[in-house]
Each structure stands twice: as structure tokens, then as C-alpha cells.
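One structure is given below, encoded as C-alpha cells.
Residue numbers (this note's numbering), protein chains in the order written: chain A, 308 to 628; chain B, 400 to 520.
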């Protein structure tokens, strides 16, 4: 199957066919490597298949996993713990393990302690031990995220409802929370306190510092009708405008979508639990049922390159293995 | 690509039996047992409250039932009545309508979902 963009109505480098091909398949993750401010992503399946393009000793590589939804047991995936295990097996099989993982939210389905317990137990099998978290709305249902913060944000000393930043190999990482104190009729939200903190957090950084921002709900308007966006993300991105390389990693929509705007690359990750429909392709953004035999074997292969100063989206959605 | 949009709907046969109810108070309250007896059901389906606006009498019970595979919540704008826990598929939540007035609510998991309760005397 060749990879080309036949129709690009939005001029965003993604056509419908390509979109469907790079949709989220269960049990996958995305490997990110950074070299000189340039981010490159590959799916785990792609890495395992080619065994090439692994980071050299001086590169920083990390892996994004998302939307585990432990506790979900409906038709779209009766065994989400198993597919989460498969994702970890893939990580463990990598010749060079990633430096750390980022989990972009929805660890649990219903914010239940036993769901978090199961996740933690399975995660022990992962040989990469450093994990950075941001909550999804499924993780904060009953208690405003208190339990989540105690479990997953203690080490990073999250401010406010849990946001934080850290530096690795000259890259500045920012974990944001946009699933709390949501307003009726609204989208994801960061809130004034967090935005003020962000402005201050990046103030002292040189414009050549690569920035990676991660949060659960997309920080761009993917499909507001389904709540796939963040109401005050523009303000956050305003604080990041002067940087030469900004990469925004989100989850929530259970499919790969990418967009480049100036120096900012937006990317949404796949779920390890179940796919969701393309925007507007279903009555609602609920779990998407695909044939059981395809759930695990139909892995999407998505390779993405982002280069400073380039506005064109370099995305290759390869054949399904 | 038909497989992408194929759907398997699970029949929710055990509604109201497997679900749970939680009493919450809207305004000045009465116990559910001594309510006016009016039954008002709001179905949560395809990420929407149906009916979106419901008119009830003070003292009536209002029950939400979640028919989606996604969890939803019922949260009062301005905390006018107690919020529901996360409702899984086929779980229910019941309140008793309190003082006359208009009450807006939404799902805190999917805030695009909104509804209105009009309570009459």
C-alpha cells in the first residue's frame, strides 16, 4: 500500500484515507527521539520491524503511552489489561530502552483504586522505570484528582491540580492538566493559575530550548463538537511562540492525528485500550468496535518528522503489518 | 472500511436492576420515599441527556440512566444539588426535585453534555 495524500481539504497534511490508516490500534506506543531540537516519532511496531533508526548514545528517546482505560470491559476490548501488557512487552523488546515514559492520561476507566492498582502492578514489568504522568478525565471522576495526584504526581511535586515541568538533555518538558474544573458546555481547560505558572516557567528559557508539552486533551481544536479541544490552549501556546521547537503530545482521542503550526507540532497518541471513531464519523465519541481479530494485529505504523522552520507536515502512515 | 464504523450494541437488559441509585437533594429536600411520586427518567445516550430539558414538580424523583459504554456524571452548575458518582453503563442516579426553579447540570467527564431541570410547584 503506498502512502500518499490524495485529498487534503484542511491543508494539514492529513486526508481521510491517511487518517484512517494511521488510526489508533490497541497495544501500541510511540517512540520519540530528540536530536538537536528535532523530534522524530515512530511506532513501536515500526521500531521492532526495522530495528533501525534507534537513538545514538547522545540522543534522548522517550515513549508516549496513553489511554489505558484499565477497568473498561465492553465490546470494543474485553481485555484492556492484556493489551496494556502487550504495549509494555513491546517496550521491553526494544534494543535500546527509552529513557522514560510519558503517560498522557486515562489510566483508569472509572477512577477506581483497584483500576490504578492493576495498572501499577502491570507497569512493574516494564524495564523502563521512569514514568511521567498527566491525568485524563477518567482518572479524576469522583475526587477532583486527589487520589491521582497522590499516586502519580508526588515525585514531580505537581503544582496546583498537578502541573509540573522538568529538564532532560537540554529539552524542557511541561506536563499540563486540562481535565479539571471543567465548565458546563465547555472543552478541556487549563485555567488562569496554570497559565500564569506556565508563563513564568518558560520565561527564563532561551528561545533555542526545545519544548515538549504534554497533556491529556488535545491542546488544539481537533473537534470541539466532541469536546476534543482545550478552551484556553491559545494562551498557553502564546507563551511558547518564541521557541524554535515546540512539540505538543496529547491523548484522549485514541487515534493518531498531527498538525504543524509554525514551530509547533501537535500530535495525539494511540490508546492501548480501544480505538475511537474519526471526528464526526459516529453519533458520539464512544469506544469504536472493530473485529476482534483485528484489534491487536492491525497496528498502525506512523513515522513523523518535525524540522525547525518547516511548516509542512512530514507524516508517513505506512501499511498495516 | 466498513469495519471501522461497524458497531455492536450491547442490549442493556438489566437496567435498573444492576444500576445503583444515590439520593441527592435539590434545594430544600425531601426523602425519596416521601416524594410526590412522579417518575421522570433521563436517558444518557450517545453523549447526550435525553430529554435535555425536563419539567417536573417539586418533590418528584428524577432518575438518570447511562446507556453509553462511557462513564458519565450528573453535576449541578453552581452545586445546587449533590453530584453523582461516575455512572458506568446501565447505572442510575436519582435525586428528588427541590425548590421550584431552573437547574442546569452537565457531565463533568464530557462537559459538552448539558441538561436543564425545571422544577415547578
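Note that beta-carbon positions come from the ideal geometry of N, C-alpha and C, so glycine has one too.
On a predicted model such as this, the values are computed, not experimentally measured, just so you know.
Practice task
Measure the C-alpha to C-alpha separation of residue 455 (chain B) and residue 456 (chain A) and round it to an integer number of angstroms.
Solution key: Locating residue 455 (chain B) in the second chain gives position 56, counting from the first residue. Locating residue 456 (chain A) in the first chain gives position 149, counting from the first residue. Distance between the alpha carbons of residue 455 (chain B) and residue 456 (chain A): 40 Å.
Handout entry: Residues of its chain near residue 546 (chain A), where Cβ-Cβ distance is below 7 Å and the 5 sequence neighbours each way are ignored
Key = Here residue 546 (chain A) refers to the residue found at position 239 when the first chain is read from its first residue. Closer than 7 Å at Cβ, skipping near neighbours: 505, 506, 509.
Problem - Any chain B beta carbon closer than 8 Å to residue 449 (chain A) - result: In the first chain, residue 449 (chain A) corresponds to position 142, counting from 1. It does; some Cβ of chain B falls within 8 Å.
Handout entry: Terminal residues of the alpha helix (DSSP H) in which residue 545 (chain A) lies
Key = Position 238 of the first chain, counted from the start, is the residue given in the question as residue 545 (chain A). Residues 540-546.
Practice task
Could you round the C-beta distance between residue 484 (chain A) and residue 442 (chain A) to whole angstroms and report it? I think they count as a contact, below 8 Å.
Solution key: Mapped onto the first chain, residue 484 (chain A) falls at position 177. Mapped onto the first chain, residue 442 (chain A) falls at position 135. Yes, residue 484 (chain A) and residue 442 (chain A) are in contact; Cβ-Cβ is about 6 Å, under 8 Å.
Problem - Supposed contact pair residue 515 (chain B) and residue 502 (chain B) - C-beta distance, whole angstroms, cut 8 Å - result: Sequence index remark: in the second chain, residue 502 (chain B) carries index 103 (1-based). Sequence index remark: in the second chain, residue 515 (chain B) carries index 116 (1-based). That pair is a contact at about 7 Å.
Exercise for the section: Quick one: residues in its chain with C-beta nearer than 7 Å to the C-beta of residue 419 (chain A), no 5 flanking neighbours on either side, listed in chain order? Expected result: On the first chain, position 112 is the one that residue 419 (chain A) refers to. So the qualifying residues of the chain are 378.
Handout entry: Cα-Cα separation between residue 445 (chain B) and residue 385 (chain A), rounded to whole angstroms
Key = Against the second chain, residue 445 (chain B) aligns to sequence position 46. Against the first chain, residue 385 (chain A) aligns to sequence position 78. Each residue's alpha carbon lies about 20 Å from the other.
Exercise for the section: Scan the region 407-436 of chain A for residues whose Cβ lies nearer than 8 Å to a Cβ of chain B and list them as they occur along the chain. Expected result: 416, 417, 418
Problem - Positions along the region 483-514 of chain B whose CB lies within less than 8 Å of some CB in chain A - result: 484, 485, 487, 488, 503, 504, 505, 507, 508, 509, 510, 511, 513
Exercise for the section: Indicate whether at least one CB of chain B lies closer than 8 Å to the CB of residue 544 (chain A). Expected result: Here residue 544 (chain A) refers to the residue found at position 237 of the first chain. Closer than 8 Å: no.
Handout entry: Residue from A:552, A:519, A:575 with nearest C-alpha to residue 566 (chain A)
Key = If you number the first chain from 1, residue 566 (chain A) lands on position 259. Selected option, being the one with the closest Cα: A:575.
Exercise for the section: Would you verify that the beta carbon of residue 489 (chain A) is, or is not, closer than 8 Å to some beta carbon of chain B? Expected result: In the first chain, counting from the first residue as 1, residue 489 (chain A) sits at position 182. Output row for residue 489 (chain A): interface = yes.
Exercise for the section: Pull up the distance between the alpha-carbon of residue 448 (chain B) and that of residue 589 (chain A), whole angstroms please. Expected result: For the purposes of this step, residue 448 (chain B) is taken as residue 49 along the second chain, with counting starting at 1. For the purposes of this step, residue 589 (chain A) is taken as residue 282 along the first chain, with counting starting at 1. Approximately 17 Å, taken between the alpha carbons.
Problem - C-alpha gap between residue 515 (chain A) and residue 441 (chain B), whole angstroms - result: Looking up residue 515 (chain A) in the first chain gives position 208. Looking up residue 441 (chain B) in the second chain gives position 42. Cα-Cα distance, rounded: 54 Å.
Exercise for the section: Pull out every residue of the region 464-486 of chain A whose Cβ sits closer than 8 Å to any Cβ of chain B, in chain order. Expected result: none
Problem - CA-to-CA distance, residue 495 (chain A) to residue 465 (chain B), given in whole angstroms - result: Within the second chain, numbered from 1, the residue matching residue 465 (chain B) stands at position 66. Within the first chain, numbered from 1, the residue matching residue 495 (chain A) stands at position 188. In a straight line, the C-alpha of residue 465 (chain B) is about 22 Å away from that of residue 495 (chain A).
Problem - Proximity of residue 583 (chain A) and residue 598 (chain A) at Cβ, strictly below 8 Å - result: Within the first chain, residue 583 (chain A) is the residue found at index 276, counting from 1. Within the first chain, residue 598 (chain A) is the residue found at index 291, counting from 1. Against a cut-off of 8 Å, the Cβ pair of residue 598 (chain A) and residue 583 (chain A) comes out as no contact.
Handout entry: Close beta carbons around residue 399 (chain A), own chain, < 6 Å, minus the five adjacent residues each side
Key = Numbered from 1 along the first chain, position 92 holds the residue referred to as residue 399 (chain A). Result list for residue 399 (chain A): 434, in chain order.
Practice task
Quick one: give me the first and last residue of the beta strand (DSSP E) that residue 565 (chain A) is part of.
Solution key: Within the first chain, the letter at position 258 stands for residue 565 (chain A). It spans 564-568 - the beta strand (DSSP E) in which residue 565 (chain A) sits, taken as one unbroken run.
Handout entry: Residue burial classification, residue 486 (chain A) (beta-carbon count within 10 angstroms, cutoff 16)
Key = Position 179 of the first chain, counted from the start, is the residue given in the question as residue 486 (chain A). The residue is buried, with at least 16 neighbouring Cβ atoms inside 10 Å.
Practice task
State the Cα-Cα distance for the pair residue 662 (chain A) and residue 458 (chain B), rounded to the nearest angstrom.
Solution key: Only positions 308 to 628 of chain A appear in this structure, which leaves residue 662 (chain A) out of reach.
Practice task
Count the other C-beta atoms from every protein chain shown that fall within 10 angstroms of the C-beta of residue 500 (chain A), then say buried if there are 16 or more, exposed otherwise.
Solution key: Residue numbering aside, residue 500 (chain A) sits at position 193 when the first chain is read from its first letter. The residue in question, residue 500 (chain A), is exposed, as its Cβ has fewer than 16 Cβ neighbours within 10 Å.
Practice task
Give the straight-line distance between the Cα atoms of residue 577 (chain A) and residue 561 (chain A), rounded to the nearest whole angstrom.
Solution key: The residue labelled residue 577 (chain A) in the question sits at position 270 within the first chain. The residue labelled residue 561 (chain A) in the question sits at position 254 within the first chain. Their Cα atoms are separated by approximately 5 Å.
Practice task
Classify residue 505 (chain B) as helix, strand or coil using the three-state DSSP reduction.
Solution key: If you number the second chain from 1, residue 505 (chain B) lands on position 106. DSSP places residue 505 (chain B) in strand when its eight states are reduced to three.
Exercise for the section: Go ahead and pull the three-state DSSP assignment for residue 461 (chain B). Expected result: Within the second chain, the letter at position 62 stands for residue 461 (chain B). Correct three-state label for residue 461 (chain B): strand.
Practice task
Can you have a look at residue 607 (chain A) and say buried or exposed, based on whether 16 or more other CB atoms are within 10 angstroms of its CB?
Solution key: The residue you call residue 607 (chain A) lines up with position 300 of the first chain. Any reading at residue 607 (chain A) is ruled out, since the residue's pLDDT is 29, under 50, leaving its predicted position unreliable.
Practice task
Tell me whether residue 423 (chain A) is buried or exposed, calling it buried when 16 or more other Cβ atoms sit within 10 Å of its Cβ.
Solution key: In the first chain, residue 423 (chain A) corresponds to position 116, counting from 1. It counts as buried.
Practice task
Under 7 Å Cβ to Cβ from residue 570 (chain A), same chain only, skipping five residues before and after it: list those, please.
Solution key: The sequence position of residue 570 (chain A) within the first chain is 263, counting from 1. Within the same chain, residue 570 (chain A) has close Cβ partners 550, 551, 552, 553, 615.
Handout entry: Sequence-distant residues of its chain with Cβ nearer than 6 Å to residue 506 (chain B) (five each side left out)
Key = To locate residue 506 (chain B), count along the second chain from 1; it is residue 107. Within the same chain, residue 506 (chain B) has close Cβ partners 471, 472, 512.
Handout entry: Bridge partner(s) assigned by DSSP for residue 429 (chain A)
Key = Here residue 429 (chain A) is taken as the residue at index 122 of the first chain, counted from 1. The partner list for residue 429 (chain A) (beta bridge, DSSP) is empty, contrary to what the question assumes.
Practice task
Specify the secondary structure class of residue 453 (chain A) as computed by DSSP and reduced to three states.
Solution key: Translated into positions along the first chain, residue 453 (chain A) becomes position 146. Helix, per DSSP.
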